[in-house]
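For reference, the structure is listed below as structure tokens.
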Amino acid sequence: MKVQEINKLQKILEEFRELRPSMRLDLALTILEIAASSGVQPQDLERRLNMSKASSSRHLQSLEKWEKADVEGLDLVDVVTDPADRRNKIAKPNANMKEFMKRIDSIWNR
Numbered sequence: 198m199k200v201q202e203i204n205k206l207q208k209i210l211e212e213f214r215e216l217r218p219s220m221r222l223d224l225a226l227t228i229l230e231i232a233a234s235s236g237v238q239p240q241d242l243e244r245r246l247n248m249s250k251a252s253s254s255r256h257l258q259s260l261e262k263w264e265k266a267d268v269e270g271l272d273l274v275d276v277v278t279d280p281a282d283r284r285n286k287i288a289k290p291n292a293n294m295k296e297f298m299k300r301i302d303s304i305w306n307r
């Protein structure tokens, strides 16, 4: 890997740390997985990222506007009811996620 590519990767990781300084890699991967789709169900995240149901649920809560009733989340996704099966939820990238990914894209394409 070239030094220039390593520098790009480092800058991208710094963007994730700006969102949350203590961000874990599995949450960053969850963000990327959701950003790459028009919407993803929690069980898809579990399968694709090899994570537990509890981790998937916790990560989605972190990415919503409110992580808990009194704790602000990162506000990168909107979680909606799946119109095809109302028992399921779908996490969709919102405007904040799209803006964040534009910053990542600008670093990647420098």
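Using the working numbering, the letters of the sequence shown correspond one by one to residues 198 to 307.
By construction, the Cβ of each residue, glycine as well, lies at the ideal position given by its N, Cα and C atoms.
task = Look at the Cβ atom of N293, then the Cβ atom of D272, and state whether they are nearer than 7 Å.
result = In the sequence shown, counting from the first residue as 1, residue 293 sits at position 96. In the sequence shown, counting from the first residue as 1, residue 272 sits at position 75. A contact, by the Cβ cut-off of 7 Å.
ask   = Under a Cβ-count criterion, where at least 16 other Cβ atoms within 10 Å of its own Cβ denotes burial, should M198 be classed as buried or exposed?
value = Translated into the one-based positions of the sequence shown, residue 198 becomes position 1. A residue is called buried once 16 or more other Cβ atoms fall within 10 Å of its Cβ, and M198, having fewer, is exposed.
key: Inter-residue spacing [alpha-carbon to alpha-carbon] between R284 and G236   = In the sequence shown, counting from the first residue as 1, residue 284 sits at position 87. In the sequence shown, counting from the first residue as 1, residue 236 sits at position 39. Rounded to the nearest angstrom, the two C-alpha atoms are 16 Å apart.
query = Mind checking L242: buried by the 16 CB within 10 Å criterion, or exposed?
reply = As a first step, residue 242 must be located in the sequence shown, where it is residue number 45. Classified as buried, L242 has 16 or more neighbouring CB atoms from the shown chains inside 10 Å of its CB.
inquiry  = Judging by CA-CA distance, which residue of I231, E269, R255, D223 is the nearest neighbour of K289?
reply    = Start at 1 with the first residue of the sequence shown, and residue 289 comes out as number 92. Of the listed residues, the one whose Cα sits closest to K289 is I231.
ask   = How about the segment 250–268 and the segment 213–227: do they share at least three Cβ pairs that are nearer than 8 Å?
value = Enough Cβ pairs lie closer than 8 Å, so yes.
key: Sheet register partners of T278 (DSSP bridge)   = The sequence position of residue 278 within the sequence shown is 81, counting from 1. For T278, which the question treats as bridged, DSSP gives the partners K286.
request  = Let me know the secondary structure DSSP gives E261 once reduced to three states.
outcome  = Taking the first residue of the sequence shown as position 1, residue 261 is located at position 64. Note: E261 maps to coil in three-state DSSP.
message = I believe K205 touches R307 by the beta-carbon criterion, under 8 Å. Please report the beta-carbon distance rounded to the nearest angstrom.
response = Looking up residue 205 in the sequence shown gives position 8. Looking up residue 307 in the sequence shown gives position 110. The Cβ separation is near 7 Å, so the contact holds.
request  = Along the alpha helix (DSSP H) that carries V237, what are the first and last residues, could you check?
outcome  = In the sequence shown, the residue the question calls residue 237 occupies position 40. In the DSSP assignment, V237 falls outside any alpha helix (DSSP H) and carries neither an H nor an E.
query = Out of E211, Q238, L216, which has the shortest C-alpha to C-alpha gap to A281?
reply = The sequence position of residue 281 within the sequence shown is 84, counting from 1. A281 has its Cα closest to that of Q238, out of E211, Q238, L216.
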